[in-house]
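Let me begin by presenting the structure, written as structure tokens, before commenting on it.
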Amino acid sequence: MKYETVIGLETHAQLLTASKMFCSCSTKFGNRPNTNICPICTGQPGVLPVVNKKAIELAIKTALVLNCQIAPQSIFARKNYFYPDLPKNYQVSQYELPLAINGYLEIVVNGERRKIGITRVHLEEDAGKLVHKGAARIMGSSESLVDYNRTGTPLMEIVTEPDIRSPLEAKVFMETLQHLLQFIQVCDAKMEEGSLRCDGNISIRPLGATKLGTKTEVKNMNTFRGIQKALEAEEVRHREVIAAGEKIMQETRYFDEITETTKAMRSKEEAHDYRYFPEPDLVPLEPEADWVESIKLNIGELPEQKKSRYIAALGLSAEDAEVLLATPALAKYFEACLELKAPAKAAANWLIGDITAYLNEHEKTITEINFLPAQLAEMLEMIENGAISGKIAKIVLTEALAIGKEIKEIVKEKGLTQVSDEGELVKIIKEVIANNPGPVTQYRQGKTGIIGFLVGQVMKATQGRANPRLVNQLLGKELSKN
Amino acid sequence: MHKKTAHELNKLLAKKESSSQELTTAVFAHLEKVEPKIQAFVTVTKEEALKQAKAADERLKNNDNVTPLTGIPIAIKDNMCTKGILTTCSSKILSNYKPPYDATVVEKLKAAGAVVVGKTNLDEFAMGSSTENSGLHKTYNPWDLNCVPGGSSGGSAAAVAANEAVMATGSDTGGSIRQPAAFCGVVGLKPTYGLVSRYGLVAFASSLDQIGPLTKDVTDTAIMLNVLAGHDKKDSTSVDRPVPDYQKSLVNDIKNLRIGIIKELLGEGIEPKVKESIQQTMKKFEELGAKIMEVSLPTFAYAVATYYLIAPAEASSNLGRYDGVKYGQRSPNSPDLLTMYNNTRAEGFGPEVKRRILIGTYALSAGYYDAFYLKALKVRTVIKNDFERAFQNCDLLLSPTTTSAAFKVGEKSNDPLAMYLSDIATIPVNLAGLPAISLPCGFIDNLPIGLQLIGKAFAEETLLRAAFTYEQNTDWHKRKPSII
Ligand SMILES: [Zn+2]
């Protein structure tokens, strides 16, 4: 019998808000432990939560981009469980009536377009961080300390329908989602830093069956590769269990990155009963239609729309457009250059070519260098108006990237300005003509193509600084004299 | 001087016939005399109070932002956070807890210039009707030291009745202001849910809890409510609407006010002498020009059961944070986390709190949620609708506050169900989120009994006007326990 794999993902994205979900503490990462805290996020007796409107805005923005319906009324709920990183021993989340439902995200896998349904998008608060001494977990450690800086950071949960059909699709889904979240600036979506996380539900069923097979939940998938490997391992395990005539047990499994296998964590019977109930300290969330509309209007162009525009209006190749859009910061840089009236194609070429090469070599991102869009635009302008040649520009750019100096300054310092002084050029041209009687004769006999060689000689004599257009023009004039 | 009401003391302070320091000193002198018998307080803050009194005198002297509460000694129920001052909720688990912040109501009272004499005893986490469930000590009724003061705001009600404070704050989840007010012969108001900020009130049942005043008369209730009421950005459930001057509603006139007598609260389970008093009260209101009619609220029969699902369910979650990790008591020498949690909570919580956590956890559990918690929410809506229907024909509802006068210490402490059922008159009001006031309306064998008036949502003004008119035309509030 042929089987098909069915996968659904539950993803968590940390929202890029300045303050926490229910208090005004900073969400800044990397501060000294327990400095971004207050009575509210440490769960002191008597405190009450107040919803961060920015978090709602970012979640609505995401939900709209994921083609979801925004619920006219959604409610917060308490998820009750005891753990020292959760000061109230309940997490404020959403359960019944989430913020948004019924959306989809299109992904492209092996050239094929696939529409993955989004069941829901909801908001919740993050837990704190535990540090253990003497063991990796709280069990067995001699001491455990807790840092509440992260406690209460806004998290957005995005749950997919069981529409994913392979571990590869799951990986592509996460990559596409990451790109989108970064693009609309709701989350920095770094899997390795945990600002984007995901768990997977996987099952298999006979091809053509409509009923879902028994699923297992896979946790600890911390990289894109990990997602694919974990689900592949679990897919194989399911097939083997069923092939052996046994049954899959509904359980939660943990992915071991080293052995690339999954291990049972807890069975369905051991699953927590979270005793969800509506959070009585918060009122229902009823986003006004006008507000949702204004969020929608401010989303701006999405990657797909940008790509079409780059190709149709700016004349970029599809490949170049994709490369630029693959890194949201690069696309942003590119558009900043356009705003400074830089020629689109040239800007794209330099960005994808020399600048990206430099970034790769130095393991930097476009936001980490001192070479700003204004400088690239200036360089392109100097090329256009003949102040420097493309060749010189390459030299100047290398210098500018390395030390972050102004282009004009480097050009001036190094004496790299193009020679556009006619008198000076004519003098050189005359020398070239005198030194190359052969080619000159050939030219005069009608073999005009040879002029390229003569231009090259002029360029050589000026160390490439001569304005090529002017050289061409003056050389023709001199050659026609006798 | 300690026997006077806030509005009487105001005049003395304004005319500079006395000072807040004199007054505060007098209150402490009296407090120190009667407190060993009453035991209304968990913490007495004499030093801070005298400092506050001095500051209040400065304000009075310079006529600087003087309010009707400036220089008035008050008590705070010990489930409202006071920055740097023990806030125990009368629980062993919080017996060492000093909050890093002031509750909004405490902030407001301090800003008004009130002098805080101390924190009053309560049933642990406000769970109870006699203050016998305090994890620290019992409090005794000033009218009869063999009787309970009621609860859970028993400490506050007893302190006001015994003149240990001029007024006090209470919190009311199922009657915790009104029932002790009735038992101690003082005035207690539970405002409409959302009128007073809950920020800093240690939560028992968030959707039912509301802070209100316990005072010697209705005028003082209006004075304190003026300070407590109002929207608070820190409490999402507090309602953003203009707050009237409640003192202006103190008009001695209830002509043509339509008052509905709740039939279900004059039947079985109510002591005959309580019934008699309420009938007299009805006559009095009629004499004063009110139109009396009988109304039936049949859903009251389900109120106690509904309450004992919703309140414990919320409590089971609200009390999760007392785990020994961050603050409060931690059981020492536990070998692992789970044992630490178990021991801390086993040692820290009293039996009534444990009982309610268990009921609540059960009601929210998978497989039981729909049958218990969800069903209770639905019944709550039905009870709300029942009130709405009743209010179509009348402006206020009237009932006894309690089924009897104060009972003896120990009389019901082994019968939680009897204790639960005695709150039948007050519980439905919390479920519907309505305002209600209890004021003295008679005595049984020298023990006061209370009359409850229930208003429409945010109709505190009507409530106060009716209560004031009744008070002006009766003498019950003038009778005082002999201990003072
Ligand atoms: Zn905070």
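Heads up: the protein sequence lines correspond to chains A and B, in order.
Here the first sequence is numbered in the numbering used here, starting from 1 and rising by one per residue.
Here the second sequence is numbered in the numbering used here, starting from 1001 and rising by one per residue.
The beta-carbon is built from N, C-alpha and C at its ideal position, and this holds for glycine as well.
Nearest to residue i (by Cα), restricted to the options the options
| i | options | result |
| --- | --- | --- |
| B:A1363 | B:C1394, B:D1240, B:L1377, B:T1215 | B:L1377 |
| B:Y1373 | B:P1142, B:A1311, B:V1166, B:E1347 | B:A1311 |
| B:N1133 | B:V1117, B:G1118, B:G1433, B:G1151 | B:G1151 |
| A:I258 | A:V241, A:L285, A:K229, A:R237 | A:K229 |
| A:A461 | A:N435, A:K171, A:G30 | A:N435 |
| A:I40 | A:T327, A:M379, A:I403, A:M21 | A:M21 |
| B:G1128 | B:K1354, B:M1167, B:V1243, B:K1284 | B:K1354 |
| A:K115 | A:F453, A:A466, A:G8 | A:G8 |
| A:L302 | A:I184, A:E125, A:A127 | A:I184 |
| B:P1244 | B:I1177, B:A1040, B:M1224 | B:M1224 |
| B:M1207 | B:A1315, B:M1282, B:W1476 | Looking at the sequence shown, residue 1207 of chain B is not Met but Ser. If we check each option's Cα against that of B:S1207, B:A1315 comes out closest. |
| A:K405 | A:P84, A:A77, A:I369 | A:I369 |
| A:T214 | A:V236, A:E251, A:I227, A:V50 | A:E251 |
| B:K1004 | B:G1350, B:K1216, B:K1015 | B:K1216 |
| A:D421 | A:Q473, A:K394, A:G390 | A:Q473 |
| A:T119 | A:T365, A:H179, A:P84, A:T11 | A:T11 |
N-terminal and C-terminal residue of the beta strand (DSSP E) that residue i is part of
| i | result |
| --- | --- |
| B:A1168 | 1167 to 1172 |
| B:I1454 | 1447 to 1455 |
| A:N220 | 216 to 221 |
| B:H1477 | First-last for B:H1477: undefined, no H or E at that position. |
Partner residues on chain A for residue i, Cβ-Cβ distance less than 8 Å
| i | result |
| --- | --- |
| B:L991 | Limits of chain B in this structure are 1001 at one end and 1484 at the other, which puts residue 991 of chain B out of reach. |
| B:K1108 | Within chain A, no residue comes near B:K1108; the closest Cβ sits about 15 Å away, beyond 8 Å. |
| B:G980 | Lying outside 1001 to 1484, the shown extent of chain B, residue 980 of chain B is not represented and no answer is given. |
| B:V1196 | What B:V1196 touches in chain A: nothing, since even the nearest Cβ is about 13 Å away. |
| B:L1094 | P45 |
Residue span of the alpha helix (DSSP H) that contains residue i, given as start and end
| i | result |
| --- | --- |
| B:D1220 | 1218 to 1228 |
| B:I1038 | 1020 to 1038 |
| A:L376 | 373 to 384 |
| A:F183 | 167 to 183 |
| A:K229 | 224 to 243 |
| B:L1337 | 1337 to 1348 |
| B:M1282 | 1272 to 1287 |
Close-in-space but distant-in-sequence residues of the same chain around residue i (CB under 6 Å, 5 per side omitted)
| i | result |
| --- | --- |
| B:A1053 | S1020, Q1021, T1024, V1115 |
| A:L285 | S74 |
Neighbour list for residue i in chain A, Cβ cutoff strictly below 7 Å
| i | result |
| --- | --- |
| B:Y1373 | F277 |
| B:D1323 | F82, N89 |
| B:A1313 | F277 |
| B:Y1341 | F82 |
Same chain only: Cβ atoms within 7 Å of residue i, ignoring 5 sequence neighbours per side
| i | result |
| --- | --- |
| B:R1059 | N1065, V1066, T1070, G1113 |
| A:K61 | I184, V186, I295, I299 |
| B:L1201 | N1079, M1080, A1103, S1171, D1209, I1211 |
| B:E1461 | P1244, Y1246, S1249 |
Close Cβ partners of residue i (< 8 Å) along its chain, the five nearest in sequence each way excluded
| i | result |
| --- | --- |
| B:K1037 | Y1140, L1145, I1483 |
| A:E192 | N222, T223 |
| A:R469 | G386 |
| A:I37 | C25, Y148, N149, T151 |
Proximal residues of chain B, C-beta to C-beta of residue i below 7 Å
| i | result |
| --- | --- |
| A:P39 | P1100, Y1101 |
| A:I502 | With chain A running from 1 to 482 in the structure shown, residue 502 of chain A is simply not present. |
| A:D273 | S1365, A1366 |
Residues that residue i contacts on chain A, provided the C-beta gap is smaller than 9 Å
| i | result |
| --- | --- |
| B:C1081 | P39, Q44, P45, G46, V47 |
| B:D1235 | L48, V50, D281 |
| B:S1020 | Chain A residues near B:S1020: none, gap ~28 Å exceeds 9 Å. |
Neighbour list for residue i in chain B, Cβ cutoff strictly below 9 Å
| i | result |
| --- | --- |
| A:R114 | Neighbours of A:R114 on chain B: none; closest Cβ ~35 Å, over 9 Å. |
Contact list for residue i against chain B, beta-carbon separation under 8 Å
| i | result |
| --- | --- |
| A:R197 | In chain order: nothing, as chain B lies at least about 24 Å away. |
| A:R78 | S1317 |
Checklist entry - Does the stretch 274 to 292 of chain A come close enough to the stretch 89 to 101 of chain A to have 3 or more Cβ pairs within less than 8 Å? => result yes
Item to check | Three-pair Cβ contact test at 8 Å for the stretch 429 to 446 of chain A versus the stretch 350 to 363 of chain A | outcome: no
Next on the checklist: Under 8 Å: do the stretch 1269 to 1288 of chain B and the stretch 1304 to 1322 of chain B share three or more Cβ pairs, one atom per stretch?
Outcome noted: no
Checklist entry - Taking contact to mean at least 3 C-beta pairs separated by less than 8 Å, is the stretch 1416 to 1424 of chain B in contact with the stretch 1186 to 1197 of chain B? => result no
Checklist entry - Are three or more beta carbon pairs between the stretch 376 to 396 of chain A and the stretch 445 to 457 of chain A nearer than 8 Å? => result no
Next on the checklist: Counting only Cβ-Cβ distances shorter than 9 Å, please list the residues of the stretch 1109 to 1133 of chain B near chain D, keeping chain order.
Outcome noted: Absent from the structure is chain D; the protein chains it does hold are A and B.
Checklist entry - Would you call the stretch 1215 to 1223 of chain B and the stretch 1322 to 1336 of chain B in contact, with 3 or more CB pairs under 8 Å? => result no
Checklist entry - Hey, is the stretch 1259 to 1270 of chain B in contact with the stretch 1431 to 1441 of chain B, meaning 3+ C-beta pairs nearer than 8 Å? => result no
Next on the checklist: Check whether the stretch 1040 to 1048 of chain B and the stretch 1151 to 1161 of chain B are in contact - that is, three or more C-beta pairs closer than 8 Å.
Outcome noted: yes
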